[in-house]
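Asks: Residue numbers (the working numbering), protein chains in the order written: chain A, -10 to 227; chain B, -10 to 227.
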DNA sequence: ATCGTGGGATTGTTGAACAATACTTCAATC
DNA sequence: GATTGAAGTATTGTTCAACAATCCCACGAT
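Rendered as structure tokens:
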């Protein structure tokens, strides 16, 4: 054991990006994920293996690996011998998503006493992001900010697995807005609510924040499900 | 609209198994998942593409699709140009897993007022399963029963997404036992605790059940992390 | 209008090939 | 003696082409 060894041992941990020079399949998956979440690919669209592999210059096999990844995230659905389609959530999915969000967000907020300063700050940053977007009447940006807000809430739990699951749930939630070709102004009324929740958190009054959030989720789910079932009825009848 | 149409409309919903005549990749993934969870493949083991594809008579491409699926479940880890390995959780992972479990299980139990009879019965069944296993000194079965118990608790939330996430978390938890070549008797002392929790649930005293569960999780995490860090120290020193 | 029956298109899976990268071995150097 | 450097080897990453299995659609028969 020399002095150099000692120094090397004290070096900071490797940034986790080191582990993964991303593979082609992952890069393709990342690209498609953005397309789906941003609505460039409408729910229900079929993704042709041949056309996509040609368009993006990757082999069918690589593309299929990407499809598998996104299917597991529920952004695509895979039907045997028929292909993969962009998920088209139903109102039952909306309810399920909100159940999941209650499980993830409420406990995280309630336990915010033990959350790091940075985690609380992230919540505040998301609120500010939303307000900036509202200024500019950037409704899509407002929706994104709202997603960031709720992801930050779940982040209070301080668990990497929760964070990842929450990200998935929010990505799916975003699909819901697309499927009812969503006015993103939908989010606008909730911005003040977000601000209030963050205020409670900043005061470290976790319980009050949780109560607000619970009401928020109830209201949001209610509104969403109502709009959604109406849309489903119209589409079903047509 | 004829009378037959009417009857057809009233038919039960299709069992969701209908959607998926499973592909080969999924079947391979299912098989490997069992191997990993049951410990036939020890944590850290590298899975050679060539050898496995030959052994199980599938092409490398198909096998790789299976690898992707399991990587996303965190049962395998994929390292670029090095291959896939059975995950080797660290003590930090143990903490993270318990954070996740608190988020999933506690809210589900607290909200058990609204849970279905069937969901509560599933909890009871898991307890019985555990007691039967203890009778036969079947420690592995006892561990399985314990997993079922906690999955049933999360199931009280009544969300398919939560159920799936919980299953993943529990599968990973099982890996933890393997990595410290786990005496499954580990679970035995907790069986009575499970019984108590179920009793509270059956009485519909959700809050009392949640309190018990919270203590359970604290104790279990504490014990696990202690044993785990001791093992890490030994392994690191050796 | 309903029910079979093709034909065409797409996916499912395989096998082989080659490029890119990591690991191993061994010799050269300080 | 330990470390560095430079082959060679093994394994993964990715592509391509082929064929089987399956689904979809249109056509015609009843």
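Each residue gets a CB set at the ideal place from its N, CA and C atoms; glycine is no exception.
#1: Quick check: is the beta carbon of residue 26(A) nearer than 8 angstroms to any beta carbon in chain B?
#2: At 3 residues or longer, and completely inside the stretch 111 to 147 of chain B: list those beta strand (DSSP E) runs for me, N to C.
#3: By DSSP, does residue 100(B) sit in helix, in strand, or in coil?
#4: For residue 151(B) versus residue 93(B), is the C-beta distance shorter than 8 angstroms?
#5: Rounded to whole angstroms, what's the CA-CA distance from residue 77(B) to residue 28(B)? Just pull it up for me.
#6: Buried or exposed, going by whether 16 or more other CB atoms sit within 10 Å of the CB of residue 201(A)?
#7: Could you tell me which residues DSSP puts in a beta bridge with residue 67(B)?
#8: Since I believe residue 57(B) is in contact with residue 57(A) (beta carbons under 8 angstroms), could you give me their beta-carbon distance rounded to a whole number of angstroms?
#9: Taking only the alpha-carbon atoms, compute the straight-line gap between residue 48(B) and residue 73(A) and give it to the nearest angstrom.
#10: From the DSSP output, in three-state form, read off residue 45(B) for me.
#11: Taking Cβ-Cβ distances shorter than 8 angstroms, what residues in chain A pair up with residue 54(B)?
#12: So that I know if they touch, is there some Cβ in chain B lying closer than 8 angstroms to that of residue 78(A)?
#13: At a Cβ threshold of 8 angstroms, is residue 210(A) touching chain B?
#14: Counting pairs of Cβ atoms below 8 angstroms between the stretch 92 to 110 of chain A and the stretch 191 to 198 of chain A, do you hit three or more?
#15: For residue 53(B), which of 223(B), 133(B), 125(B) and 14(B) has the nearest alpha-carbon?
#16: Relative to chain A, which residues along the stretch 144 to 160 of chain B have a C-beta separation below 8 angstroms, given in chain order?
#17: Let me check understanding here. Comparing Cα to Cα, which of 65(A), 91(A), 112(A) and 40(A) lies closest to residue 205(A)?
#18: In the stretch 74 to 98 of chain A, which residues sit with their C-beta less than 8 angstroms from some C-beta in chain B, listed in chain order?
#19: Using Cβ-Cβ distances below 7 angstroms, what residues of the stretch 99 to 118 of chain B are close to chain A?
#20: For residue 162(A), which residues of its own chain have a beta-carbon under 7 angstroms away from its beta-carbon, when the five flanking residues on both sides are left out?
#21: Contact criterion: CB-CB distance below 8 angstroms. Does residue 12(B) meet it with respect to chain A?
#22: Using DSSP with H/G/I as helix, E/B as strand and the rest coil, what is residue 30(B)?
#23: Decide yes or no for the touch test of the stretch 31 to 43 of chain B against the stretch 35 to 45 of chain A: beta carbon pairs closer than 8 angstroms, at least 3 of them.
#24: For residue 18(B), I'd like the list of residues in its chain whose CB is within less than 6 angstroms of its CB, leaving aside the five on either flank, ordered along the chain.
#25: Quick one: what does DSSP say residue 61(B) is sitting in, helix, strand or coil?
#26: Mapping DSSP to helix, strand and coil, what is residue 185(A)?
#27: For the alpha helix (DSSP H) containing residue 163(A), list its first residue and its last residue.
Replies: From the atom records:
#1: Chain B contact via Cβ: absent.
#2: For the stretch 111 to 147 of chain B, not a single whole beta strand (DSSP E) run of length 3 or above is found.
#3: Here residue 100(B) sits in helix by DSSP.
#4: For residue 151(B) and residue 93(B), yes; Cβs fall inside 8 angstroms.
#5: For residue 77(B) and residue 28(B), the distance between alpha carbons rounds to 12 angstroms.
#6: The Cβ neighbour count for residue 201(A), taken over all protein chains shown within 10 Å, is at least 16; the residue is labelled buried.
#7: Partner(s): 73(B).
#8: The Cβ separation is near 5 angstroms, so the contact holds.
#9: Distance between the alpha carbons of residue 48(B) and residue 73(A) is about 21 angstroms.
#10: Reduced to three states, the DSSP call for residue 45(B) is helix.
#11: Result: 53, 54 and 57.
#12: Not closer than 8 angstroms to any Cβ of chain B, the Cβ of residue 78(A) fails to qualify, so no.
#13: Under the Cβ distance rule, residue 210(A) does not count among the residues neighbouring chain B, no pair being separated by less than 8 angstroms.
#14: By the C-beta criterion, the stretch 92 to 110 of chain A is judged to be in contact with the stretch 191 to 198 of chain A, since at least 3 inter-stretch pairs fall below 8 angstroms.
#15: It is 14(B).
#16: Answer set for the stretch 144 to 160 of chain B: 146, 147, 148, 149, 150, 151, 154 and 158.
#17: Nearest option by C-alpha distance: 91(A).
#18: Those residues of the stretch 74 to 98 of chain A that come within reach of chain B (Cβ to Cβ, closer than 8 angstroms) are 85, 86, 88, 89, 91, 92, 93, 95, 96 and 97.
#19: Hits within the stretch: zero.
#20: For residue 162(A), where only same-chain residues beyond five positions count, the Cβ hits under 7 angstroms are 86.
#21: Taking Cβ atoms only, chain A reaches closer than 8 angstroms to residue 12(B), which makes this a yes.
#22: In the structure shown, residue 30(B) falls within a coil segment according to DSSP collapsed to helix, strand and coil.
#23: Counting Cβ pairs under 8 angstroms, fewer than three are found: no touch.
#24: Cβ neighbours of residue 18(B) beyond the five flanking positions: 55, 58 and 59.
#25: Correct three-state label for residue 61(B): helix.
#26: Here DSSP, grouped into helix, strand and coil, assigns residue 185(A) to helix.
#27: Counting along the chain, residue 163(A) sits inside the alpha helix (DSSP H) bounded by residues 149 to 168.
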